[in-house]
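Working notes for the structure below.
There are 2 protein chains.
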Amino acid sequence: MKPLNVGLIGLGTVGSGVFQVLTRNQAEIRRRAGRGIALAAVNRRNLEQARAIVGDQVPVVADPMAIVNDPSIDIVVELIGGTTLARELVLAAIANGKHVVTANKALLAVHGTEIFAAASAQGVMVAFEAAVAGGIPIIKTVREGLTANRIAWLAGIINGTTNFILSEMRDKGLDFATVLAEAQRLGYAEADPTFDIEGVDAAHKATILSAIAFGVPVQFDKAHVEGITQLQAADIRYAEQLGYRIKLLGISKRRDDVGGIELRVHPTLVPAKRLIANVEGAMNAVVVNGDAVGTTLYYGKGAGSEPTASAVVADLVDIVRLATADPDHRVPHLAFQPDALSDTPILPIDQVVTAFYLRLRVADQTGVLARITAILAEHDISIDAVLQRESADGEKQTDLIILTHDTVEGRMRQALVQMQALPTVLTPIVSLRKEELN
Amino acid sequence: MKPLNVGLIGLGTVGSGVFQVLTRNQAEIRRRAGRGIALAAVNRRNLEQARAIVGDQVPVVADPMAIVNDPSIDIVVELIGGTTLARELVLAAIANGKHVVTANKALLAVHGTEIFAAASAQGVMVAFEAAVAGGIPIIKTVREGLTANRIAWLAGIINGTTNFILSEMRDKGLDFATVLAEAQRLGYAEADPTFDIEGVDAAHKATILSAIAFGVPVQFDKAHVEGITQLQAADIRYAEQLGYRIKLLGISKRRDDVGGIELRVHPTLVPAKRLIANVEGAMNAVVVNGDAVGTTLYYGKGAGSEPTASAVVADLVDIVRLATADPDHRVPHLAFQPDALSDTPILPIDQVVTAFYLRLRVADQTGVLARITAILAEHDISIDAVLQRESADGEKQTDLIILTHDTVEGRMRQALVQMQALPTVLTPIVSLRKEELN
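As you go down the protein sequences, you meet chains V and C in turn.
By the count of the UniProt record's numbering, the first sequence reaches residue 438 at its end, each step adding exactly one.
By the count of the UniProt record's numbering, the second sequence reaches residue 438 at its end, each step adding exactly one.
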């Protein structure tokens, strides 16, 4: 059987990795796939730079549309990123009856519904393992490996940059700005790191995971997104003393009690003994809890040239395997059959349920704790632990740390307003969410 | 499209779990698979006990052959274990043109070649996700998710009973026999725990993983197998002091330098900071290193009713998806196309390369360390660390702990014979293998 022809749009970090892996492991991949995968053309604006990477064996083109419109090409791999040109190219490729592989989480989180519908109508596949957690086959795991389960929740470290920054802040006791500058110098953070540090990248990925876990459309606009820019070294230290670590997690949870789904990205306290709390540096990990399997975890490199290429090429092999199969028998894009997606709503943040970590800078005088705990009690929020640092000699202020049990966020917000209004609460209260993940 | 009919042979712990999961998550599974899965018949010798589990909705039969020979059944699920009757049933089902799902690692590790050949000849699938690491989709991950990679090595905690025992030994400082008795009382270890504690169960699973990672036939008889029965509390303690934990690992490694594959199960020192070193209790985890993806880890419950059922049902859905597809385009049983399997030999243990932990009880006198290190140097074994416990007052003996760098095992065995012969070495030397797994 003749090999499938692949056209590669975008020959940057990941694109080069795809070329390397396909070339180096050609024999190994063919032994597995049973059919060859040929790189028919690659696209990069600068042809000279493209040549320097792929040599003379592969045709290079400057115009990505040349790949999309090439009738000899069976599969288009989109690796240019962004949501404008990438969307046009992907939709054009689909319209031309080509299968698509993409690593573009922003594109799918925002335009996924349109793209998957177009693909279903054309009977082609859009594969996107590389869009979430790089080389970790988490899409395949949730869509296929855990298919017997009613997924209860998932939570992941799905942005390497922020995990690197948080690891460094904890290890070295440094504050956010210092570590960010260092991360930029080392190339772990981009010159404009906004999408990473504000949690947007993680939210794109969490949106995709949420859809395939719960059978709902991708709804990035409904995700609650907080980054790590406000995080202070003091809270990392206090969390540690209480047996927790702070990680930026993308979390999605089924809430049968209210018929909704939580979808949120924010810094989260996690018990230090959990494996995911021990995922350091730029590594990624996703925890998935299903009703049959219980809690499982998947760990690996979430970015980088060849780890991401590993996922892109796995998608290519899947397409090679399923290209000749009946479209109705392929794995559905969002894990559930298109006509079986549910309209279960993504809950507003006020309805989310979590435990909380609170840090209050309070006047060191009698009755302060009583007043604060009374406010929490009035809002039906129960306390799990309190840590009060002894004031230094002569100091008239002290840090009061409170861990609560699970509560509805709206209730906590009301309580926070009241606590903040107390004259004995001297600075803005720090509140962070806490998850047990067991 | 009419549902596929499943016949379930064996309605014990896992079989009951499969019934529960299929029943409870019927709607969820159908939303994903796009086609129903119907339980057409279940087999258990005692019909009354079977009825108590499945009620009146599912036909129960006492003779497993009735399921294998039932023309209305499309897929046979074999969950009785063992390698005699199970082999007959599986081969008969295949001969009758039925797909097979099995959780039977012993059967596949020993008779896999025969079974997979029969299945290929008949154009049916034999799926076995549940045979290794219970609910963790490790077979799918290695066969499909990491398909772009040349796998370099894998190492797994793939026996929950022994990991539970080792966790307890470390936590409580108890010796093996005490913890085993406790594990038996709690139901974590069977009345006859031989297969678990001698490493045989882990070796069955490692054999299967080795085959799908490296594209070689299953060769259980070539696996080197050591259990944990000889492990002493003292070594767990010393390992801890040196920054290591001891885990029973199934390891398989590609050795391009000698054109072979290592396949071995033994207690192993692993750096305490690795995630896998922190997998506690009866949990399982597998680390896989591929040339593109780097090091990845997969964690979850390795046994139990519903976690194992999660894997069995995932296999059923895969079969539902691929049943109508061209057999040439299914995922090959052993990850590689049958005609692309390699005859790369499994290496004898003498040719395995690892680092070592040695504990020697020596006379506390001048020159002992010099003599021992000289023997190691003569065998070209270099030393990574030495820990010498100070003798208690008046004691004339001391424990000498040596960590070596990587060496060929045959060389270490020769060195051990010479060291053991020294009059100053007072008791049998303890030697354990050490892996960095990074």
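Glycine included, each C-beta is placed from N, C-alpha and C at the ideal position.
Just so we're clear, the structure is a prediction, and the values are computed from it rather than from any experiment.
Residue i at chain C interface by Cβ criterion, 7 Å
i, result
"Thr102 (chain V)", "no"
"Ala277 (chain V)", "no"
"Asn25 (chain V)", "yes"
"Glu168 (chain V)", "no"
"residue 495 (chain V)", "Within the shown structure, residues of chain V are numbered from 1 to 438, placing residue 495 (chain V) beyond reach of any answer."
"Tyr299 (chain V)", "yes"
"residue 462 (chain V)", "In the structure displayed, chain V extends from 1 to 438; residue 462 (chain V) sits before or after that span and is not available."
"Pro271 (chain V)", "no"
"Glu78 (chain V)", "no"
"Val317 (chain V)", "yes"
"Lys140 (chain V)", "yes"
"Pro345 (chain V)", "no"
"Pro307 (chain V)", "yes"
"Gly294 (chain V)", "yes"
"Arg32 (chain V)", "yes"
"Pro3 (chain V)", "no"
CB contact below 7 Å: residue i versus chain V
i, result
"Ala314 (chain C)", "yes"
"Asp256 (chain C)", "no"
"Ser310 (chain C)", "yes"
"Asp326 (chain C)", "yes"
"Pro267 (chain C)", "no"
"Phe336 (chain C)", "yes"
"Val21 (chain C)", "yes"
"Val289 (chain C)", "According to the sequence as given, residue 289 (chain C) is Asn; it is not Val. So, not an interface residue."
"Glu436 (chain C)", "no"
"Arg321 (chain C)", "yes"
"Ala148 (chain C)", "yes"
"Pro217 (chain C)", "no"
"Pro71 (chain C)", "no"
CB contact flag (residue i, residue j, <7 Å)
i, j, result
"Ile319 (chain C)", "Met125 (chain C)", "yes"
"Ile165 (chain C)", "Ala191 (chain C)", "no"
"Val286 (chain C)", "Asn149 (chain C)", "no"
"Val386 (chain C)", "Val425 (chain C)", "no"
"Leu107 (chain V)", "Ile53 (chain V)", "no"
"Asn289 (chain V)", "Trp153 (chain V)", "yes"
"Ile236 (chain V)", "Met169 (chain V)", "yes"
"Val77 (chain V)", "Leu4 (chain V)", "no"
"Ile349 (chain V)", "Glu409 (chain V)", "yes"
"Asp406 (chain V)", "Val353 (chain V)", "yes"
"Thr161 (chain C)", "Ile228 (chain C)", "no"
"Lys205 (chain V)", "Lys140 (chain V)", "no"
"Leu85 (chain V)", "Ala62 (chain V)", "no"
Assumed close pair residue i, residue j - CB separation to whole angstroms, cut-off 8 Å
i, j, result
"Val68 (chain V)", "Ala92 (chain V)", "5 Å"
"Pro338 (chain V)", "Pro345 (chain V)", "That pair is no contact at about 19 Å."
"Asp384 (chain C)", "Leu403 (chain C)", "4 Å"
"Leu432 (chain V)", "Pro271 (chain V)", "That pair is no contact at about 14 Å."
"Glu129 (chain V)", "Ala314 (chain V)", "6 Å"
"Ile197 (chain V)", "Leu180 (chain V)", "7 Å"
"Gly135 (chain C)", "Ala311 (chain C)", "6 Å"
DSSP beta-bridge partners of residue i
i, result
"Thr295 (chain V)", "V:Asn289"
"Glu78 (chain C)", "C:Ile9 and C:Thr102"
"Val265 (chain V)", "V:Val225 and V:Gly250"
"Ile383 (chain V)", "V:Thr404"
"Gly243 (chain C)", "Paired residue(s): none; Gly243 (chain C) is not in a bridge."
"Lys434 (chain C)", "C:Leu269 and C:Ala355"
"Asn43 (chain C)", "C:Ile9 and C:Val61"
"Lys301 (chain C)", "C:Met283"
Residue interval of the alpha helix (DSSP H) (run including residue i)
i, result
"Asn163 (chain C)", "Gly160 to Lys172"
"Lys205 (chain V)", "Val200 to Phe214"
"Thr308 (chain C)", "Ser305 to Leu322"
"Val54 (chain C)", "Leu47 to Val54"
"Gln219 (chain C)", "Taken as a continuous stretch (DSSP letters only), Gln219 (chain C) belongs to no alpha helix (DSSP H), as it is neither H nor E."
Cβ-heavy atom distance, residue i to the ligand GDP, below 6 Å
i, result
"Ala183 (chain C)", "In the structure shown, the ligand GDP is absent, as is every other ligand, since no ligand is present at all."
Host beta strand (DSSP E) of residue i (start-end)
i, result
"Ala363 (chain C)", "Val353 to Ala363"
"Leu89 (chain V)", "Premise fails: Leu89 (chain V) lies in the alpha helix (DSSP H), Leu85 to Ala95, not in any beta strand (DSSP E)."
"Gly259 (chain V)", "Where Gly259 (chain V) is concerned, there is no enclosing beta strand (DSSP E), given that its DSSP letter is neither H nor E."
"Gly156 (chain V)", "Ile151 to Ile157"
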